[in-house]
Each structure stands twice: as C-alpha cells, then as structure tokens.
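Here the structure comes first, spelled out in structure tokens, and everything after it is commentary.
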Amino acid sequence: MTGPTDEIVDRLFRRESGRAIAALIRAVGSFDLAEEAVQESFAIALDRWPRDGVPDNPGAWIVTTARNRAIDRIRRDRVGHTKAEAAARFAALDGVNEHDLSGFPDDRLRLIFTCCHPAIPLGSRVALTLRTVGGLSTKEIARAFLVPETTVAQRLVRAKRKIRDAGIPYRVPPQELLGERLEGVLAVLYLVFNEGYSATSDRGVVRTDLCDEAIWLTRMVDRLLPDQAEVAGLLALMLLHHSRRNTRTGGDGTLVLLEDQDRARWDHEMIDEGVAVLDRAIAMRSPGAYQLQAAIAALHAQAPRPEHTDWPQIASLYGALAELDPSPVVELNRAVAVAMADGPRAGLALVEPLEAALDHYHLFHATRGDLLRRLERADDAAAAYRRALELTENPAERTFLQGRLDAL
C-alpha cells in the first residue's frame with residue numbers, strides 16, 4: 179500500500195516532470211539525459227521525503243535535484259568531450275535553479291512542439307507527448323492505446339533518435355510555420371482526449387484519466403498561446419464533452435445514450451466554463467473546425483431536456499463543418515442531426531452513400547441500424563447491428579448493440 183508521500187510524489191510527477199524535463203533539455207540538449215535526471219530526482223524524493231518531510235516548494239526541489247543529477251552525469255560521462263563542451267553544458271545547467279521558474283512555461287511549450295514535430299510518426303508523437311509532458315508511464319500509454327509496452331518503448335526511442343539525428347530544433351516554430359505546426363499539436367491532444375472519451379480498451383466507455391490529461395495539456399497550450407482561436411476552441415470542445423462523463427455509463431457499466439442521460443448530473447460548472455472559452459474563441463473572429471464542433475457540443479449541453487435540442491441548428495453547423503473540414507465521419511454526424519430534425523428517412527438518405535468509405539467503422543453501422551429500426555425495417559436493422567458488433571471491442575458498446583439486436 180502506498181503512503182501519503184508516495185501519492186504526493188506520483189501527483190507531482192504528472193504535473194512537474196514535464197516542466198523539469200523541459201528546463202533541462204533547454205540546458206543540455208538531450209532528451210535522455212534530462213529524463214533520466216528527473217526520474218532520479220523523483221526516486222530520491224521517494225527515499226528522503228518520508229523521513230525529512232515534503233519541501234515547501236516541492237517542484238523547485240525536484241528541478242534543483244534533477245539539475246544536480248545532470249551535472250553529476252556530465253562529470254562522469256565527459257570522456258570524449260572537450261573541456262569547452264563540458265564547460266558549456268555546466269554553464270547552461272547553472273541557469274536552471276529553484277529561484278528562476280519564469281521561463282519554464284516557454285520551455286514546456288517548446289517541448290510540446292518538439293514532441294509533435296511532423297517529421298515524427300503520429301503514434302510516436304502521442305507517446306512522446308504523454309511521456310515527457312504528461313508524465314504517463316510507458317505501461318500506462320501502452321494500456322491506453324492497446325499496444326504492447328515494448329511497442330511504446332520502441333516508439334519513444336525512435337522519436338528521441340529522430341529528434342537527435344534530424345536536428346529537430348527545440349523551439350516554438352516561427353510565426354510563418356506556427357499555423358501548420360499548431361494544427362499537428364492540437365490533433366495529438368484531440369487524439370489523446372478521444373481515446374479517453376470513447377475508449378477502445380476493456381476498461382469501460384470513458385477513460386477519465388486520459389481525458390483529464392488531454393484537458394490539462396490543452397489548458398497549458400491555451401495559457402501559453404492565448405491568441406489562438408482554435409486552441410481555445412479545442413479546450414471548449416473537451417470541456418463540454420467531458421461535462422457528461424458521470425452519466426455516459428450506468429451503474430453496471432452499460433452505455434447510456436445522450437437522450438437518456440440524467441442532465442442534472444452533468445457538470446454544469448464545466449459547461450459554463452466551456453461556453454465561456456468558446457465565446458472567447460469566437461470573439462477572435464478566426465473560425466475553425468474545433469470551434470464548430472464546440473458550438474455543436476454547447477447546443478447539446480445547454481438543452482435542458484432532449485426535446486429542447488436545436489437539431490436544425492446542429493445540422494446546419496455540421497454542414498458548415500463539412501465545408502471547412504470534409505470527411506465521411508462529419509457527414510455521418512450531419513445525417514444523424516438531419517434524422518433528428520427531419521425524420522429517419524431523410525437521415526438514411528444521407529447515410530447510405532457513406533457505406534463505401536465507412537464500412538469498417540462500427541458507428542456507421544450502428545447509426546444505420548438505428549435509422550432502419552426507427553423505419554421498422556427489422557431485418558435490415560439486425561444485419562447492421564451485427565456488422566457493428568463485429569467491428570467494436572469495447573464491452574459496453576457491445577452490450578448496448580446486443581441489446582438493440584435482441585430487442586428486434
């Protein structure tokens with residue numbers, strides 16, 4: 179059983195390790211050295227703090243200890259380096275101390291952009307971001323994305339090697355590149371959130387821990403880039419979706435549809451915050467896909483009862499989203515909104531043409547089955563539900579689909 183000090187160190191690692199690693203990377207230019215020094219400092223904390231007590235400023239203690247461990251490592255490993263190189267690294271580390279934390283937010287922003295560089299494969303970007311910035315362990319990342327730990331470890335090694343060998347700069351990109359690079363950062367953060375929001379694992383429909391990590395990371399980017407409308411739009415979208423986290427499954431872990439959820443149990447403070455963040459994004463007059471999705475989520479969140487949902491407006495917003503960011507999944511969501519506004523026959527007419535593109539997407543077949551069920555075409559609906567069952571591994575979703583199939 180872990181004690182209170184262990185819990186403090188674990189919580190601190192998630193929140194402070196990224197800051198410490200970012201500061202050390204700036205100083206020494208090495209992911210491995212920075213990460214090893216920070217891990218050693220937390221190991222020392224686990225040994226000393228139960229005996230000596232938790233410091234008044236534990237984050238600064240970790241940074242200072244990690245800096246000292248890095249200095250020790252450089253002293254041991256400076257064979258093959260010139261005195262000038264060693265002196266430069268020592269001097270850089272002298273600039274990392276407990277009394278000067280003001281530059282760390284910029285360091286963390288550099289770290290996020292470095293982890294999400296487009297030259298690094300997407301899977302490795304996600305793993306590296308969660309590991310170095312989010313403080314998740316290799317085991318946790320592997321469990322979240324249903325891959326072996328060895329796969330995650332290899333991705334991390336390859337990503338760090340790519341950064342080193344390709345000379346990927348540790349920086350926020352210049353203004354002319356910020357748009358395209360920021361898009362990649364937001365895509366990684368949204369991918370992390372979506373894995374938590376609709377988990378593919380056997381740990382339930384919602385992985386609250388992953389959702390929380392994604393929201394925390396997005397808050398950080400929003401604080402550091404407050405004039406970027408799509409950052410605020412993504413944060414608003416996450417908050418509005420996550421406000422329903424406690425009602426998306428029943429007490430037995432079964433899936434609860436949006437229209438059947440207890441809206442009194444939604445997190446209304448989070449809804450208010452999400453709407454306020456969305457208003458701030460819209461005021462920047464730089465529309466984007468995340469803002470449109472957040473506007474749709476806000477219409478759902480602000481409807482006091484299911485029948486009060488403004489489905490025509492939601493369908494219109496999906497139409498705008500399809501023009502801005504066309505995809506078959508967006509068209510599928512638009513079809514659902516049209517079905518709610520104009521009836522299942524109108525929705526099915528929009529769904530059918532998407533089969534070629536979405537045949538391997540379980541929600542396509544689940545949606546089609548639902549529309550066919552509402553049109554009382556039981557045999558066709560059953561076939562669609564069976565196909566959806568073949569394509570999903572999530573136990574809660576499988577139970578729900580089987581229930582629909584049995585009811586037919």
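Take the position in the sequence shown, starting the count at 1, then add 178; the result is the number in this note's numbering. Just so you know, even glycine gets a beta-carbon here, dropped at the ideal spot from N, CA and C.
Assumed close pair Q471, I460 - CB separation to whole angstroms, cut-off 8 Å | Under the criterion of beta carbons closer than 8 Å, Q471 and I460 do not qualify as touching, at roughly 13 Å.
Taking contact to mean at least 3 C-beta pairs separated by less than 8 Å, is the stretch 495-506 in contact with the stretch 478-487?
-> Contact annotation: the stretch 495-506 does not touch the stretch 478-487, with fewer than three C-beta pairs closer than 8 Å.
Buried or exposed: where does E391 fall if 16 or more other Cβ atoms within 10 Å of its Cβ makes it buried?
-> Result: buried.
Out of R359, A566, A442, which has the shortest C-alpha to C-alpha gap to R288?
-> Comparing Cα positions, the closest option is R359.
Between the stretch 196-206 and the stretch 226-245, do at least 3 Cβ pairs fall closer than 8 Å?
-> The stretch 196-206 vs the stretch 226-245: in contact.
Straight-line Cα distance separating L308 from L211 = Straight through space, the alpha carbons of L308 and L211 are spaced by roughly 18 Å.
Counting only the same chain and skipping the five closest in sequence on each side, list residues whose C-beta sits under 6 Å from that of G581.
-> Cβ neighbours of G581 beyond the five flanking positions: none.
CB-CB under 8 Å to E276, same chain, minus the five flanking residues each way: which ones, in chain order?
-> Residue placement at E276 cannot be trusted, given a pLDDT of 49 that sits under 50; the coordinates are not used to answer.
Proximity of L356 and L412 at Cβ, strictly below 7 Å = With respect to L412, L356 sits apart: the two C-beta atoms are not nearer than 7 Å.
For L510, three-class secondary structure by DSSP = Here L510 sits in helix by DSSP.
Do S219 and R193 come within 7 Å of each other at the CB atom, strictly closer than that value?
-> Not closer than 7 Å, so no.
Let me know the secondary structure DSSP gives T427 once reduced to three states.
-> Look at T427 here: in three-state DSSP terms it is strand.
Are there three or more Cβ pairs, one per stretch, closer than 8 Å when the stretch 527-538 is compared with the stretch 553-564?
-> By the Cβ test, the stretch 527-538 is not in contact with the stretch 553-564, since fewer than three Cβ pairs between them sit closer than 8 Å.
Could you pull out every residue in the same chain whose Cβ sits closer than 6 Å to the Cβ of L367, ignoring the five residues on either side in sequence?
-> A392, L395, T396.
Is DSSP giving G281 helix, strand or coil here?
-> Note that G281 scores a pLDDT of 41, beneath 50, so its modelled location is shaky and nothing firm can be said.
Hey, is the stretch 291-310 in contact with the stretch 330-341, meaning 3+ C-beta pairs nearer than 8 Å?
-> Yes, the stretch 291-310 is in contact with the stretch 330-341.
Are there 16 or more other CB atoms within 10 angstroms of the CB of H486, so buried, or fewer, so exposed?
-> The residue is exposed, with fewer than 16 neighbouring Cβ atoms inside 10 Å.
List in chain order: all unbroken alpha helix (DSSP H) runs of 4+ residues lying wholly within the stretch 398-443.
-> Unbroken alpha helix (DSSP H) runs of no fewer than 4 residues, entirely contained in the stretch 398-443, are found at 407-420, following chain order.
Among the residues of its own chain, which have a CB less than 7 Å from the CB of R254, if the five just before and after it don't count?
-> Correct list: empty, nothing qualifies.
Report the option in G362, T292, R321, P326 whose CA atom is closest to the CA atom of R339.
-> Here the closest residue by C-alpha is T292.
Rounded separation between V455 and A410 - CA only = Rounded to whole angstroms, V455 to A410 spans 6 Å at the Cα level.
Pick from S208, D188, E571 that is closest to I346, judged by C-alpha positions | Comparing Cα positions, the closest option is S208.
Range of the contiguous alpha helix (DSSP H) that encloses P490 = Per DSSP, P490 belongs to the alpha helix (DSSP H) from 489-502.
Between the Cα of G466 and those of D503, W444, D488, R443, spot the shortest distance and give me the residue it belongs to.
-> Nearest option by C-alpha distance: D503.
In whole angstroms, what is the alpha-carbon distance linking T432 and A535?
-> In a straight line, the C-alpha of T432 is about 29 Å away from that of A535.
Own chain residues within Cβ distance below 7 Å of G301, not counting five before or after = Excluding its 5 nearest sequence neighbours in each direction, G301 has C-beta neighbours in its own chain below 7 Å: R333, listed in chain order.
Write down the C-beta distance between T545 and V507 rounded to the nearest angstrom, noting that I regard them as a contact closer than 8 Å.
-> About 11 Å separates the two Cβ atoms, so there is no contact after all.
Should L579 be labelled buried (16 or more other beta-carbon atoms within 10 Å of its own) or exposed?
-> Classification for L579: buried.
Skipping 5 residues on each side, what residues in its chain have a beta carbon closer than 6 Å to that of P233?
-> Non-local beta-carbon contacts of P233 in its own chain, meaning distances under 6 Å to residues more than five positions away in sequence, involve W239 in chain order.
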